[in-house]
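The structure appears below as structure tokens.
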Amino acid sequence: MSRDDANAAGTSLHFPQLDRRIPARADESVFQSARRHGVRIVGACGGRGTCGSCIVQVSSGAVERIGAQVGDASDERYGGKRWMRACQVRPRGDVSLEIAPRSLAPVARAEIDTGADDERLPNDPAVTSRDLALAPPTLADPLSDAERVRRALALPHAVFDLTTLRALPRMLREQQWALRVRLRGDEVVDVTARGRPALGLAIDLGTTNVAGFLLDLDSGVRVAGLGIENPQATWGADLISRLNHAIQGDAQAAELRDAARIAINALAHDLTHAVGARCTDIVDVVICGNTAMHHLLLGLPVRQLGRSPFVAAAREGIDAKAPDLGIAVAAGSWVHVVPNIGGFIGGDHVTALLATESEWRSRRTSVVMDIGTNTEISLIHDGVIRSASSPSGPALEGGHIGCGMRAADGAIERVTLDDQGRLVVRTIGDEPAVGLCGSGVLDALATMHRAGLVDARGRLAHAHPAIVPHEGKRAAQLAPGVVFTQADVRAVQLAKAAIRTALDLLLDEAGIDAASIERFLIAGSFGAYIDIGSAIAIGMLPPLPIARYAQVGNAAGQGVRLMLASRAARRQAAELAQACRPLELSTRSDFQRSFVANIGLPPLASA
Ligand code: FES
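At position 51 of the sequence shown (counting the first as 1) the number is 50 in numbering that gives the first Met the number 0, and the numbers step up by one without a gap.
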């Protein structure tokens with residue numbers, strides 16, 4: 000049965016290959032509508048029409064092209080079919096579309112037999128399954144259905160979720176008194192046919208991306224994973240823009256809550272479909288996100304969060320029934336939302352700390368840094384965890400950069416100098432360069448600094464073969480059609496200064512300097528790909544020996560999977576959240592001075 004998000008009336012887009020139908024607006028491109036509703040279409044350039052990664056074909060209905068600048072260049076032919084860029088067309092009425100295989104963000108199915116290290120999860124889930132074979136009622140044994148299940152479970156005080164209780168009589172008789180019961184403690188949260196899988200959904204609700212992971216709760220094995228863009232980006236790339244929208248009124252807050260819900264439901268739908276299961280096989284959900292994501296999802300007020308002293312409505316972990324959050328899984332399921340640390344430092348940092356604990360717990364001084372649109376940093380020194388959040392913005396992920404794009408084929412990921420001092424770029428997939436992704440952005444500034452294209456204050460050089468006129472100003476030419484402008488340099492300087500300032504102030508609070516850091520863990524998908532040398536060269540990271548750094552990938556995602564697989568991990572996360580001492584950077588009188596001092600680029604000798 001098709002999952003239908005579309006309004007009863009109005010234009011819709013149908014994606015049969017995903018079994019999805021979504022509402023569309025006449026003033027939006029197909030790509031925009033798809034993104035707003037969590038359809039996992041790739042769009043590396045963010046819809047500017049330059050990357051060619053959002054290819055679709057109209058199966059029925061009609062579309063019109065937006066603007067004249069792209070023209071026939073937006074059409075491509077494969078195998079006799081006419082494909083077009085989804086960001087360059089908008090629907091004229093109901094349209095059915097096929098997404099080109101290369102434009103569909105892939106579901107990563109785990110190889111169950113050969114799980115990677117991070118998939119050897121503990122197997123201590125909050126929800127367990129019991130198979131029951133009941134004797135049918137008779138006049139001599141006329142117990143109610145619920146009592147009959149309690150007796151078979153040997154749990155006389157078991158309680159039933161109401162929706163589960165409503166389903167029970169029919170399920171018992173359809174299944175001829177043999178069924179599978181899901182228990183969360185003493186609560187029966189689901190009844191289903193024997194043989195149905197017990198799945199759990201772990202969600203890392205990031206500001207930019209939302210990652211979902213499907214676990215088999217019976218074995219603790221990850222069975223699939225998928226990442227999509229956060230549809231809340233419609234209301235701004237950064238948290239403050241979204242909070243400003245949410246505080247305008249209940250309807251606006253509901254828009255953001257709905258966007259988060261849509262993303263989670265889209266992940267649940269696509270992940271379960273990819274493994275031949277159903278959304279209703281999901282019987283437990285754990286979600287982590289920064290404090291703003293947490294509040295917006297839960298419908299908590301955010302007015303107080305967006306202004307000093309940035310007070311959260313709640314810090315503790317919250318358990319809510321899935322239907323109360325609009326999450327379309329088994330109706331009796333609980334959703335556990337990971338506790339926050341304080342300020343904007345949220346549950347995603349708690350899970351990053353949880354996942355990396357074995358790395359930092361045994362050392363005197365460590366740092367865990369999760370770089371993203373908001374960068375969270377914890378300094379662990381002498382057993383005390385000091386944490387801060389820094390609004391580093393999207394520049395380091397390629398956002399708000401003139402030629403910035405997501406990491407995809409054609410994105411410049413490395414910039415180096417050749418023997419003659421010329422800039423050399425490497426692109427993902429060795430495709431012709433169409434833009435810069437996050438690691439390329441960092442490399443570009445570091446290499447331009449080494450090559451003398453920017454000075455210590457970040458000003459572009461006047462005379463250099465790589466400096467070209469661009470829209471009336473100077474810019475560094477990295478590849479044909481890809482430039483790095485003065486505004487781009489400034490954006491990266493501001494981002495890296497925000498991160499370094501947060502680290503410096505945490506070190507100052509602990510009364511130590513950077514040289515004391517024995518282990519420096521860089522988490523996050525952006526952090527996984529950066530060149531540490533480049534990050535040091537521009538002053539974003541301190542000049543420690545490279546061996547002290549470790550890039551640990553999506554630790555937040557790994558931690559939230561742990562919490563789904565293990566009740567002990569859930570308790571440990573709650574303790575970590577309580578133990579962290581949040582530092583509100585704006586309360587430090589030297590914040591501005593430190594920030595300004597960190598904007599410049601370090602002397603080359605120390606880079
Ligand atoms: S997102 Fe459509 S061309 Fe890049």
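All C-beta atoms, glycine included, are put in the ideal place defined by N, C-alpha and C.
DSSP places VAL424 inside the beta strand (DSSP E), whose first and last residues are 422–426.
GLY398 and LEU435 have their C-alpha atoms spaced approximately 10 Å apart. In the DSSP secondary-structure assignment, GLU228 is bridged to ASN208. By the Cβ-count criterion, SER143 is exposed, with fewer than 16 other Cβ atoms from all chains shown falling within 10 Å of its own Cβ. In its chain, beyond the 5 residues on either side, ASP203, GLY205, CYS287, ASP347, HIS348, THR350, ALA351, ALA354, ASP369, ALA522, GLY523 have a beta carbon closer than 8 Å to the beta carbon of ALA555.
Partner residues in the beta bridge of MET368, as assigned by DSSP, are ILE376, ILE521. Within the stretch 484–563, the runs of alpha helix (DSSP H) that reach at least 4 residues and sit entirely inside it are, in chain order, 485–509, 531–536. Relative to the Cα of ARG456, the nearest Cα in the group GLY538, PRO393, TRP359 belongs to GLY538. Beta-bridge analysis with DSSP links VAL334 to VAL284, ALA319. Taking 8 Å as the cut-off, the C-beta of ARG47 counts as close to a heavy atom of the ligand FES.
Between GLY60 and ARG91, the CB-CB gap stays under 9 Å. Under the criterion of beta carbons closer than 8 Å, ALA486 and GLY403 do not qualify as touching, at roughly 11 Å.
Scanning its chain for C-beta atoms nearer than 6 Å, with the 5 sequence neighbours on each side dropped, one finds around ALA387 the residues ILE376, ALA501, LEU505, LEU582, LEU584, in chain order. In the pairwise beta carbon analysis, the stretch 406–414 is classified as not touching the stretch 539–554: fewer than three pairs are separated by under 8 Å. Between the ligand FES and ALA85, a heavy atom-to-CB distance of less than 8 Å is present.
DSSP, reduced to helix, strand and coil, places TRP82 within a strand of the structure shown. Counting only runs of at least 4 residues, the stretch 386–468 fully encloses the following alpha helix (DSSP H) elements, listed from N- to C-terminal order: 437–449. For ALA43, the CB falls within less than 8 Å of some heavy atom of the ligand FES. The beta carbon of PRO468 is closer than 8 Å to those of ALA474 in its chain, skipping five residues each way along the sequence.
Excluding five sequence positions before and after ALA166, the CB atoms of its chain that fall closer than 7 Å to its own CB belong to VAL190, given in chain order. Separation of the CB atoms of THR207 and PRO393 is rounded to 7 Å, and the pair is thereby assigned contact status at 8 Å. Taking 8 Å as the cut-off, the C-beta of SER32 does not count as close to any heavy atom of the ligand FES. Counting only runs of 4+ residues, the alpha helix (DSSP H) found wholly inside the stretch 148–185 occupies 161–173, in chain order.
Bounds of any alpha helix (DSSP H) do not take in ILE340, whose DSSP letter is neither H nor E. For GLU358, the enclosing alpha helix (DSSP H) starts and ends at 346–359. Its chain contains LEU506, PRO541, LEU543 as the residues whose beta carbon lies nearer than 7 Å to that of ALA513, once the 5 sequence neighbours on both sides are disregarded; these appear in chain order. With 16 or more other CB atoms across the displayed protein chains lying within 10 angstroms of its CB, GLY345 is buried. With respect to LEU96, GLN31 sits apart: the two C-beta atoms are not nearer than 9 Å.
When the beta-carbon positions are compared, ARG89 and GLU27 come within less than 9 Å of each other.
Scanning its chain for C-beta atoms nearer than 6 Å, with the 5 sequence neighbours on each side dropped, one finds around ILE535 the residues PRO542, in chain order. Boundaries cannot be given for ASP381, as no alpha helix (DSSP H) includes it and DSSP labels it neither H nor E. For HIS294, the enclosing alpha helix (DSSP H) starts and ends at 290–297. In this structure the stretch 458–467 does not touch the stretch 426–444; the number of beta carbon pairs closer than 8 Å is below three. Between the alpha carbons of ALA572 and LEU561 lies a distance of about 10 Å. GLU146 and LEU133 have their C-alpha atoms some 11 Å from each other.
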